[in-house]
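Accompanying notes for the structure given below.
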Amino acid sequence: MKSLIFSLLCLVICDVILLVSSLSFTLPSGSRKCLKEDVHKDVLVTGEYKLSEAPHQKTHLKVTESTGHVLYSKDDATKGKFAFTTDDYEMYEVCFESEASTSGGSDREIFVNIKHGVEAKNYEDLGKAEKLKPMEIELKRMEDLADAIVNDFAYMRQREQEMRDTNESTNSRVLYFSVFSILCLFGLATWQLFYLRRFFIAKKLIE
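The sequence shown lines up with residues -22 to -1, 1 to 185 when you count with mature numbering (1 follows the signal peptide of the UniProt record, and there is no 0).
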């Protein structure tokens, strides 16, 4: 019973992910819109796009890393697919840029479906290649999804530890700076006290 509930939960999660990855938006003439997403290392990313017709108007597509390295580009994009495997944990950017038209131009509807990790794999082809039964294919998909979730949690714990270490280091520096500031103020106050005492003695205001 528990295994059945777990299986259904995995299927629901996977279906939700697939729905979220598909989107559409309007791109006005002469404008630029980008989609950004953080992806882990060694992860397959696939994308499929389709643009509505717009006579005498070109729209360019470019997929880049945060460093500016171009992974895929297409001039006068109308319909197509792209795929790449990540080399490192990066923020990847998918940008559509419409050229301004002298005749005014028109808005274009852009449909994009971006998948990565488990959702990007073609399990039907994998099943045919390894001669797997439908149930075995589904189990393989669920296994990969579970591994992906575990990896995400492991990465989150790692980031949490890194942030905790950073906070502790920052707190230590703040503490040292506070102690140093107090010592400086104490030293300045002591110097002022002796200076004023000598000044008053010189003026014979005190003995």
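Ideal placement from N, C-alpha and C gives every residue a C-beta, glycine not left out.
- With fewer than three CB-CB distances shorter than 8 angstroms, the stretch 104 to 124 does not count as touching the stretch 40 to 59.
- Ranked by how close their Cα comes to the Cα of P33, the residues S76, S9, L1, C12 have S76 in first place.
- Secondary structure note for A132: its alpha helix (DSSP H) is the uninterrupted segment 112 to 180.
- Minimum Cα-Cα distance from L1 among the listed residues R175, V21, L22, K28 corresponds to K28.
- Per DSSP, K59 is one residue of the beta strand (DSSP E) stretching across 57 to 63.
- The beta carbon of G25 is closer than 6 angstroms to those of F60, I92 in its chain, skipping five residues each way along the sequence.
- Each residue's CA atom was taken as its position, placing Q35 and S44 some 28 angstroms apart.
- When DSSP states are grouped into helix, strand and coil, K99 belongs to the coil group.
- Judged by DSSP in its simplified three-state form, E15 adopts strand.
- In terms of Cα proximity to S84, the closest of T37, S159, V17 is T37.
- A contact between stretches requires three or more CB pairs, one per stretch, nearer than 8 angstroms, and the stretch 96 to 107 fails this requirement with the stretch 66 to 76.
- In this model, E138 and N149 are separated by some 16 angstroms (Cα to Cα).
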